[in-house]
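Working notes, structure below.
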Amino acid sequence: MSKTQSAKTCVEVTCHGRWGLSTLEVIGSLIALLCGIWLGAVYLGVDIRHEAQVALAESELIEKIPDEWRPAGQTKATQPTAAEVAEKAQLELAALRHEITSLRTSSLTESAPAIQPATNTPPATATVSTESLAKAATLEYWSQLNTVLADQSSMQREAEQAATAGNAIRLAEVKSRIRRFAASAIKNLSTTNVDPIALAFGKELANWHAQGADLYDEAARIWETSAATNIGTPATRSWEQAQLQHQNESQLLESRSAGVRDGLTRRFGEGFAPFVGL
């Protein structure tokens, strides 16, 4: 073997030896680092599993992990059931009734019926036609709409009867809650098999009540300011114009309800009563 070949062989052996030693050093360093982290966590009393779960949750990676593979307490939040939504609505209705009663200077008898939770359409059978299901569901939806409108109108009248010079702000807040409750009640009605025209009109009603709630919220904010004591300020004039427009829209909705009712009557027959309290 020549001196050149011998030197080349030595260089290759040396390089291979250094590469293998470098790999072992890296692996050893990693093991030592992990052991050090673990020993430090034990010494300091840090729950590594908990910290790892927190890190996963904050990085939103936990949402990509199936429920059965997640650590305890990390399952996805379940959606509220229909019974829970109905119970929440009844609690809010009771709170509104109590608030209105407390506004009155004398005890009042509760006369308006409570909004009943939406009932689901019975499951279809082989002998029930699609049209029959649509009729039953649409009639129920229309009836529920009528109940919501009648209830909110009754509560609005009761609240207005309690109006005094000193409770204007509180009265506006209560009227806002009534409007918002009506909007929420309409949105939570069962929509399965309901005629699309009736659903579209229900959505208009919900939006109109939500806008009314916003107007009463704005009124409360205006009256809380010192400028509200001066009649004719820009803020009050702007609010009065918005309130007038909202009232005009109620007349348009009343006309629309008659047209929608006629259309539903032509399709399904009688049974769609005129709205009360729109």
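My numbering applies: residue 75 is where the sequence shown begins, and numbers increase by one. Cβ coordinates follow ideal geometry from the N, Cα and C atoms, glycine included.
Reducing DSSP to helix, strand and coil, say where residue i ends up.
i	result
E26	This structure cannot settle anything about residue 26, because the visible part of the chain is limited to 75 through 352.
S324	helix
N281	helix
N220	helix
T175	helix
G343	coil
G351	coil
T204	helix
D336	helix
P154	coil
S258	helix
L165	helix
T238	coil
V268	coil
T212	helix
Let's test the definition: count the other Cβ atoms within 10 Å of the Cβ of residue i and tell me whether it reaches 16, buried, or not, exposed.
i	result
D269	buried
S331	buried
K249	buried
Q226	buried
T221	buried
G286	buried
R340	exposed
V254	The displayed chain sequence assigns Arg, not Val, to residue 254. It counts as buried.
A208	buried
L219	buried
L326	exposed
E214	buried
Please determine, among the options, the residue with the shortest C-alpha to C-alpha distance to residue i.
i	options	result
Q321	G351, R341, A332, R295	G351
T212	S250, A274, A237	A274
S217	T299, G276, Q235	G276
A163	A239, N241, L219, N262	N262
R251	I260, S264, A284	A284
E323	K209, A239, A293, N281	N281
G333	T299, I271, S228	I271
G345	A210, I174, E314, T238	A210
A157	F349, S206, S264, A293	S264
S329	T175, S206, E278	E278
G240	F342, L219, L223, E298	E298
E205	A293, T266, D291	T266
D291	T307, W313, P308	W313
Please look up how many angstroms separate the CB atoms of residue i and residue j, rounded, as I've assumed it's under 8 Å.
i	j	result
A257	L245	Contact flag wrong, Cβ pair sits at about 19 Å.
M229	I296	About 23 Å; that fails the 8 Å criterion.
Q317	L338	Not quite, the Cβ-Cβ distance comes to about 31 Å (not below 8 Å), so this is no contact.
I243	A169	About 18 Å; that fails the 8 Å criterion.
L223	F349	5 Å
Please find out if some non-hydrogen atom of the ligand PLP comes closer than 7 Å to the beta-carbon of residue i.
i	result
P270	No copy of the ligand PLP occurs in the structure displayed, which carries no ligand at all.
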